[in-house]
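Student:
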Amino acid sequence: MAGEIILKVRDIHKSYGSTEVLRGISFDVQKGETKVFIGSSGTGKSTLLRCINQLTVPDRGQVWLHGEEVTHSGKEINRLRQKIGMVFQNFNLFDHLTARKNVEVALIKVRKMNRKEAGDKAMEELVRVGLEDKADLYPAELSGGQAQRVSIARALAMDPDVMLFDEPTSALDPELTGEVLQVMKDLAQNGMTMLVVTHEMGFACSVANEIIFMEKGEILESGSPSELICNPRYDRTKQFLNKLGELYGDIGRQR
Amino acid sequence: MKDLLFIREVLIPPLLEGLAVTIKLIFFSIPFGLLAGMIIATGRVYGNRMISFLCRAYVIVFKGTPLLMLLFLIYFGLPSLGISFQPFTAAVIGFVICNGAYNSEYIRGALLSVRTGQLMAAEALGMTRGQAVINIILPQAMRRALPGISNEIIYLIKYSSLAYMLTCIELTGAGKIVASRYFKFTLVFLVVGVFYLCLVTIAGRILGFLEKKLQIPGLIK
Amino acid sequence: MNDTITLIFKALPFILQGTFVTLKIVAGALLVGFICGLALAVGQVYGRPFLSGSVAFYVWFFRGLPNLVLLFLFYYGLFPLMGLDVSAFFIAVTALGLRSSAYQSQLFRGCIQSLGEGQMMAARSLGMTRPQAVWNIILPQALRISLPGWSNEYPILLTDSAVTYAIGVMEILTRGNLVVSRTYQPMPIYMTCALIFIIMNYGGMKMLHLLERRLQIPGFGRGEH
Numbered sequence: 005m006a007g008e009i010i011l012k013v014r015d016i017h018k019s020y021g022s023t024e025v026l027r028g029i030s031f032d033v034q035k036g037e038t039k040v041f042i043g044s045s046g047t048g049k050s051t052l053l054r055c056i057n058q059l060t061v062p063d064r065g066q067v068w069l070h071g072e073e074v075t076h077s078g079k080e081i082n083r084l085r086q087k088i089g090m091v092f093q094n095f096n097l098f099d100h101l102t103a104r105k106n107v108e109v110a111l112i113k114v115r116k117m118n119r120k121e122a123g124d125k126a127m128e129e130l131v132r133v134g135l136e137d138k139a140d141l142y143p144a145e146l147s148g149g150q151a152q153r154v155s156i157a158r159a160l161a162m163d164p165d166v167m168l169f170d171e172p173t174s175a176l177d178p179e180l181t182g183e184v185l186q187v188m189k190d191l192a193q194n195g196m197t198m199l200v201v202t203h204e205m206g207f208a209c210s211v212a213n214e215i216i217f218m219e220k221g222e223i224l225e226s227g228s229p230s231e232l233i234c235n236p237r238y239d240r241t242k243q244f245l246n247k248l249g250e251l252y253g254d255i256g257r258q259r
Numbered sequence: 012m013k014d015l016l017f018i019r020e021v022l023i024p025p026l027l028e029g030l031a032v033t034i035k036l037i038f039f040s041i042p043f044g045l046l047a048g049m050i051i052a053t054g055r056v057y058g059n060r061m062i063s064f065l066c067r068a069y070v071i072v073f074k075g076t077p078l079l080m081l082l083f084l085i086y087f088g089l090p091s092l093g094i095s096f097q098p099f100t101a102a103v104i105g106f107v108i109c110n111g112a113y114n115s116e117y118i119r120g121a122l123l124s125v126r127t128g129q130l131m132a133a134e135a136l137g138m139t140r141g142q143a144v145i146n147i148i149l150p151q152a153m154r155r156a157l158p159g160i161s162n163e164i165i166y167l168i169k170y171s172s173l174a175y176m177l178t179c180i181e182l183t184g185a186g187k188i189v190a191s192r193y194f195k196f197t198l199v200f201l202v203v204g205v206f207y208l209c210l211v212t213i214a215g216r217i218l219g220f221l222e223k224k225l226q227i228p229g230l231i232k
Numbered sequence: 007m008n009d010t011i012t013l014i015f016k017a018l019p020f021i022l023q024g025t026f027v028t029l030k031i032v033a034g035a036l037l038v039g040f041i042c043g044l045a046l047a048v049g050q051v052y053g054r055p056f057l058s059g060s061v062a063f064y065v066w067f068f069r070g071l072p073n074l075v076l077l078f079l080f081y082y083g084l085f086p087l088m089g090l091d092v093s094a095f096f097i098a099v100t101a102l103g104l105r106s107s108a109y110q111s112q113l114f115r116g117c118i119q120s121l122g123e124g125q126m127m128a129a130r131s132l133g134m135t136r137p138q139a140v141w142n143i144i145l146p147q148a149l150r151i152s153l154p155g156w157s158n159e160y161p162i163l164l165t166d167s168a169v170t171y172a173i174g175v176m177e178i179l180t181r182g183n184l185v186v187s188r189t190y191q192p193m194p195i196y197m198t199c200a201l202i203f204i205i206m207n208y209g210g211m212k213m214l215h216l217l218e219r220r221l222q223i224p225g226f227g228r229g230e231h
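Line order of the protein sequences matches chains A, B and C. The opening position of the first sequence corresponds to residue 5 in the numbering used here, with each subsequent residue numbered one higher. The opening position of the second sequence corresponds to residue 12 in the numbering used here, with each subsequent residue numbered one higher. The opening position of the third sequence corresponds to residue 7 in the numbering used here, with each subsequent residue numbered one higher.
(1) Buried or exposed: residue 215(C), going by 16 or more other Cβ atoms within 10 Å of its Cβ?
(2) Report yes if the C-beta distance between residue 111(C) and residue 43(C) is below 7 Å; otherwise report no.
(3) Does residue 242(A) come out as helix, strand or coil in the three-state DSSP assignment?
(4) Whether or not the region 24-36 of chain B and the region 195-211 of chain B are in contact is what I'm after, with contact meaning three or more pairs of Cβ atoms, one per stretch, closer than 8 Å; do they touch?
(5) Rounded to whole angstroms, what is the Cα-Cα separation between residue 5(A) and residue 161(A)?
(6) Residue 122(B) and residue 246(B) - do their beta-carbons sit closer together than 7 Å?
(7) Answer with yes or no whether the minimum CB distance from residue 82(C) to chain B is below 7 Å.
(8) Strictly under 7 Å for the Cβ-Cβ distance: is residue 79(B) near chain C by that measure?
(9) Among the candidates 117(A), 49(A) and 63(A), whose CA atom is the shortest distance from the CA of residue 22(A)?
(10) Using only CA atoms, which one of 90(A), 250(A) and 243(A) lies nearest to residue 129(C)?
(11) Report all residues from its chain with a CB closer than 6 Å to the CB of residue 72(B); omit the five preceding and five following residues, and keep chain order.
(12) Give me, in chain order, the residues of the same chain whose beta-carbon lies closer than 8 Å to that of residue 135(A); leave out the 5 immediate sequence neighbours on both sides.
(13) Is the CB of residue 88(B) under 7 Å away from at least one CB in chain C?
(14) Roughly how many angstroms separate the alpha carbons of residue 231(C) and residue 94(A), rounded to a whole number?
(15) State the Cα-Cα distance for the pair residue 140(C) and residue 159(A), rounded to the nearest angstrom.
(16) So, does the CB of residue 139(B) fall closer than 7 Å to a CB anywhere in chain C?
(17) Flag this pair as yes or no: are the beta carbons of residue 184(A) and residue 173(A) separated by less than 7 Å?
(18) Please report the residue range of the alpha helix (DSSP H) in which residue 202(A) lies.
(19) Throw me the rounded Cβ distance for the residue 80(C) and residue 100(C) pair, which I believe falls under 8 Å.
(20) Answer with yes or no whether the minimum CB distance from residue 229(C) to chain B is below 7 Å.
(21) Between which two residues does the beta strand (DSSP E) containing residue 68(A) stretch?
(22) Just to confirm my understanding: we take residue 85(C), look at its own chain, exclude 5 residues before and 5 after, and list those with CB closer than 7 Å. What are they?
(23) Count the other CB atoms, across all protein chains shown, that sit within 10 Å of the CB of residue 213(C); report buried if there are 16 or more and exposed otherwise.
(24) I'd like to know whether the C-beta of residue 131(C) is nearer than 7 Å to at least one C-beta of chain A.
(25) Does the Cβ-Cβ distance between residue 102(B) and residue 152(B) come in under 7 Å?
(26) Let me know if residue 40(C) comes out buried or exposed under the rule of 16 or more other beta-carbons within 10 Å of its beta-carbon.
(27) Tell me the DSSP bridge mates of residue 215(C)?
(28) In chain B, which residues lie with their C-beta within 7 Å of the C-beta of residue 109(C)?
(29) Using the Cβ count rule (16 or more neighbours within 10 Å means buried), how would you classify residue 250(A)?
(30) Indicate whether residue 137(B) and residue 47(B) have their beta-carbon atoms separated by less than 7 Å.
(31) Beta-carbon within less than 6 Å of residue 117(C)'s beta-carbon, same chain only, minus the 5 sequence neighbours each way: which residues are those?
(32) Quick check: residue 113(A) and residue 142(C), are their CB atoms within less than 7 Å of each other?
(33) Of the choices 13(B), 22(B) and 93(B), whose alpha-carbon is the least far from that of residue 191(B)?
(34) In this structure, how does DSSP classify residue 29(A) when only helix, strand and coil are distinguished?
(35) Going by CA-CA distance only, name the one from 217(A), 212(A) and 9(A) that's closest to residue 69(A).
(36) Could you please give the first and the last residue of the uninterrupted beta strand (DSSP E) stretch that includes residue 170(A)?
What follows is the structure, encoded as structure tokens:
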């Protein structure tokens with residue numbers, strides 16, 4: 005697949021105090037591609053995602069979206085962020101707003117849509133994640149899986165070019181992860197460009213175009229699922245995959 | 012420069028005298044306020060219906076009455092019934108009544124938070140109810156109520172200024188007299204303000220230290 | 007006994023006019039305290055170090071001074087010094103309002119901070135500017151959480167409003183004292199005044215609790231997921 009490159013990440017560095025969380029990360033993302041980031045916790049995967057939409061400002065390095073620089077974009081960042089949807093581990097739904105209003109609010113306040121238009125668009129997105137009947141419930145009345153699907157709808161409503169998923173299923177009970185992963189699979193199949201931090205290897209194997217293994221703030225190796233899982237170059241990668249296998253069941257079988 | 016001289020020579024001496032009265036007012040009020048709070052709270056939680064109701068009424072009445080109102084009632088009102096006090100005594104009585112009402116709310120909350128098992132265990136050892144409450148429950152509850160009580164002590168320091176309205180010349184009163192005589196209101200009341208800020212800040216430190224000191228090891232909250 | 011009742015009934019209309027003044031002081035101070043307190047809280051949480059330091063100083067200053075000293079400072083000192091000739095009522099609202107703002111700001115600050123960073127991040131990730139996120143996402147939630155604490159300001163301001171007697175505002179206590187100075191019957195008059203305060207206090211709290219229940223959102227206030 006040699007499509008158009010829509011997101012370029014170059015040499016991202018980030019330190020907190022004396023700990024270097026990211027030590028020079030670079031990669032390209034093609035339109036319609038899904039990249040999955042794996043690696044043990046604390047290797048900077050989440051920080052990397054936040055650096056892409058500047059929720060965390062990297063110390064060094066650049067990010068381009070459609071050839072436009074996202075880093076150092078000043079006030080433009082608010083326009084660019086609309087094009088980069090983000091889904092958080094803890095959903096971060098706005099607790100004072102119903103599901104539908106959660107999806108609407110940025111359309112009205114940021115995109116300046118009128119209420120009617122925004123309401124229709126919000127319903128459309130809720131239908132897409134299969135939650136049209138929960139539109140008037142508040143976040144506290146939703147299950148974790150439903151809440152995460154609403155937060156996906158909220159991000160999708162801005163018509164993003166890229167979606168960032170930061171461990172979208174880690175805060176969910178195991179029986180609720182399936183519904184969220186299914187929504188993500190559908191998105192990928194419909195051509196959404198996605199960067200996903202996750203430990204769900206089943207999802208990674210069936211959806212990812214590329215799996216990136218991160219270790220200590222660097223990309224240790226990357227490749228297609230079959231390459232990386234059947235034939236990891238480094239022992240460290242093998243160890244990590246084995247550990248995941250022990251924790252989450254045999255990866256091969258899930259494929 | 013002239014202002015500095017004024018502060019040092021004219022203002023500070025009477026303010027220090029006033030400060031002594033303020034501190035006396037506070038020191039007399041704190042222990043009785045605590046005692047009143049404990050009695051009312053205990054009455055509300057462990058008393059029979061009648062006592063519990065009376066204690067609750069006390070809290071509603073004295074939390075609802077402005078302190079200044081209460082002070083007037085004691086100092087200007089009671090003499091018409093043949094009961095009269097010196098300004099200082101009247102002020103302390105008012106502070107204790109009011110402080111007790113507020114303290115009792117914190118202590119009551121703390122009493123209710125002490126596990127019921129504690130009372131049962133004490134009674135199982137042969138203590139009477141009264142003994143159990145005084146020896147076992149109250150010492151625990153008072154520790155839990157301390158942050159709230161500290162707050163009330165800080166309030167007490169500030170409200171002690173109301174004693175001036177009964178012609179008890181404490182810090183604020185001393186300042187008012189100097190200010191009126193020399194017509195330097197802004198300066199005087201700013202200096203008086205600094206005195207109170209120091210008092211409140213120091214008291215806050217001491218109370219914070221006390222809270223830490225009285226904490227029971229391993230018992231969170 | 008009958009004389010006393012007659013006296014009270016004769017004085018009551020005059021004293022009751024003071025309840026409106028008292029209520030106006032309380033409402034005015036609550037409003038000033040709310041607006042300034044909210045601004046202070048936002049400044050303290052989201053402002054640069056210098057700004058949040060200044061807010062901390064402001065809070066320390068206004069919380070540390072007795073009402074009486076503050077009223078004297080404004081009434082005899084600062085306002086005349088600035089050449090402003092304003093009513094005692096205006097000064098009462100300003101002084102009590104600024105003091106209340108110091109307390110309210112700390113309440114709002116606590117509520118904003120209890121929301122956690124996630125809400126801000128989610129709002130920013132959708133392209134909201136910081137002010138947009140504060141206005142549309144953070145404040146609506148923080149205000150709802152703060153309501154129970156906020157209703158405590160009402161009884162505090164109500165009882166504090168009596169101190170404005172010291173600068174001659176015609177509120178309940180001032181009127182009561184005027185009656186006393188004419189009739190030499192302190193007990194019944196003071197008791198009547200106290201009763202008015204107690205009723206206002208108790209009734210007001212009941213109404214605020216009702217309001218709290220009205221504004222509740224399902225499951226809201228249980229904290230983060």
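Just so you know, even glycine gets a beta-carbon here, dropped at the ideal spot from N, CA and C. Quick caveat, the model's predicted, so the values are computed rather than measured.
Tutor: The short version:
(1) Taking the first residue of the third sequence as 1, we reach residue 215(C) at position 209. So residue 215(C) ends up on the exposed side.
(2) Against the third sequence, residue 111(C) aligns to sequence position 105. Against the third sequence, residue 43(C) aligns to sequence position 37. Yes, the pair counts as a contact, with Cβ atoms nearer than the cut-off.
(3) Residue mapping note: residue 242(A) aligns to position 238 of the first sequence, counting from 1. The answer is helix: DSSP assigns residue 242(A) an H, G or I state.
(4) yes
(5) Along the first sequence, one-based indexing puts residue 5(A) at 1. Along the first sequence, one-based indexing puts residue 161(A) at 157. A caution first: residue 5(A) carries a pLDDT of 49, below 50, which makes its placement in the model unreliable, though a value can still be read off. The straight-line gap from Cα to Cα measures roughly 27 Å.
(6) Lying outside 12 to 232, the shown extent of chain B, residue 246(B) is not represented and no answer is given.
(7) By one-based count along the third sequence, residue 82(C) stands at place 76. Answer yes: the Cβ-Cβ gap between residue 82(C) and chain B drops below 7 Å somewhere.
(8) Sequence index remark: in the second sequence, residue 79(B) carries index 68 (1-based). By the rule that beta-carbons nearer than 7 Å mark a contact, residue 79(B) touches chain C.
(9) As a first step, residue 22(A) must be located in the first sequence, where it is residue number 18. Measuring from the Cα of residue 22(A), the nearest candidate turns out to be 63(A).
(10) As a working mapping, residue 129(C) is identified with position 123 in the third sequence. Of 90(A), 250(A) and 243(A), the smallest CA-CA separation from residue 129(C) is found for 90(A).
(11) For this step, residue 72(B) is matched to residue 61 along the second sequence. Around residue 72(B): no qualifying Cβ.
(12) On the first sequence, position 131 is the one that residue 135(A) refers to. Taken in chain order, the residues that qualify are 103, 150, 153, 154 and 157.
(13) Here residue 88(B) refers to the residue found at position 77 when the second sequence is read from its first residue. It does; some Cβ of chain C falls within 7 Å.
(14) Your numbering for residue 231(C) matches position 225 in the third sequence. Your numbering for residue 94(A) matches position 90 in the first sequence. No answer about residue 231(C) holds up, because its pLDDT of 33 lies below 50 and its placement is not dependable.
(15) Along the third sequence, read from residue 1 onward, the residue named residue 140(C) stands at position 134. Along the first sequence, read from residue 1 onward, the residue named residue 159(A) stands at position 155. C-alpha separation (whole angstroms): 19 Å.
(16) Taking the first residue of the second sequence as 1, we reach residue 139(B) at position 128. Look at residue 139(B): its C-beta is not under 7 Å from any C-beta on chain C.
(17) The count along the first sequence starts at 1 and reaches residue 184(A) at position 180. The count along the first sequence starts at 1 and reaches residue 173(A) at position 169. Between residue 184(A) and residue 173(A), the C-beta gap is smaller than 7 Å, which places the two residues in contact.
(18) In the first sequence, counting from the first residue as 1, residue 202(A) sits at position 198. That residue, residue 202(A), is in no alpha helix (DSSP H); it is neither H nor E in DSSP.
(19) Here the question's residue 80(C) lines up with position 74 in the third sequence. Here the question's residue 100(C) lines up with position 94 in the third sequence. At roughly 6 Å, the Cβ-Cβ gap stays under 8 Å, so residue 80(C) and residue 100(C) are in contact.
(20) To locate residue 229(C), count along the third sequence from 1; it is residue 223. Low local confidence applies: a pLDDT of 39 at residue 229(C) is under 50, so the model's placement there is unreliable, with the coordinate-based value given in what follows. No, residue 229(C) lies away from the interface with chain B (no Cβ there is under 7 Å from its Cβ).
(21) For this step, residue 68(A) is matched to residue 64 along the first sequence. That run of the beta strand (DSSP E) goes 64-69.
(22) By 1-based counting over the third sequence, the position of residue 85(C) is 79. Excluding residues within five positions, the ones whose Cβ falls inside 7 Å are 92 and 97.
(23) Here residue 213(C) is taken as the residue at index 207 of the third sequence, counted from 1. It is exposed - the Cβ of residue 213(C) has fewer than 16 other Cβ atoms within 10 Å.
(24) Locating residue 131(C) in the third sequence gives position 125, where the first residue counts as 1. So, interface residue.
(25) Here residue 102(B) is taken as the residue at index 91 of the second sequence, counted from 1. Here residue 152(B) is taken as the residue at index 141 of the second sequence, counted from 1. Not in contact: residue 102(B) and residue 152(B) (Cβ atoms no closer than 7 Å).
(26) Taking the first residue of the third sequence as position 1, residue 40(C) is located at position 34. Flag for residue 40(C) reads buried.
(27) Translated into the one-based positions of the third sequence, residue 215(C) becomes position 209. Answer is none; residue 215(C) lacks a bridge partner.
(28) Translated into positions along the third sequence, residue 109(C) becomes position 103. Chain order gives no chain B residues near residue 109(C), where near means a beta carbon separation below 7 Å; the closest approach is about 11 Å.
(29) The sequence position of residue 250(A) within the first sequence is 246, counting from 1. Residue 250(A) comes out exposed.
(30) Locating residue 137(B) in the second sequence gives position 126, counting from the first residue. Locating residue 47(B) in the second sequence gives position 36, counting from the first residue. In this structure, residue 47(B) does not lie closer than 7 Å to residue 137(B) by Cβ.
(31) Position 111 of the third sequence, counted from the first residue, corresponds to residue 117(C). Correct list, in chain order: 148, 151 and 152.
(32) The sequence position of residue 113(A) within the first sequence is 109, counting from 1. The sequence position of residue 142(C) within the third sequence is 136, counting from 1. Yes, the Cβ-Cβ distance between residue 113(A) and residue 142(C) is below 7 Å.
(33) Within the second sequence, the letter at position 180 stands for residue 191(B). When each option's Cα is compared against that of residue 191(B), the closest is 22(B).
(34) By one-based count along the first sequence, residue 29(A) stands at place 25. Note: residue 29(A) maps to strand in three-state DSSP.
(35) The residue you call residue 69(A) lines up with position 65 of the first sequence. It is 9(A).
(36) Residue numbering aside, residue 170(A) sits at position 166 when the first sequence is read from its first letter. For residue 170(A), the enclosing beta strand (DSSP E) begins and ends at 166-170.
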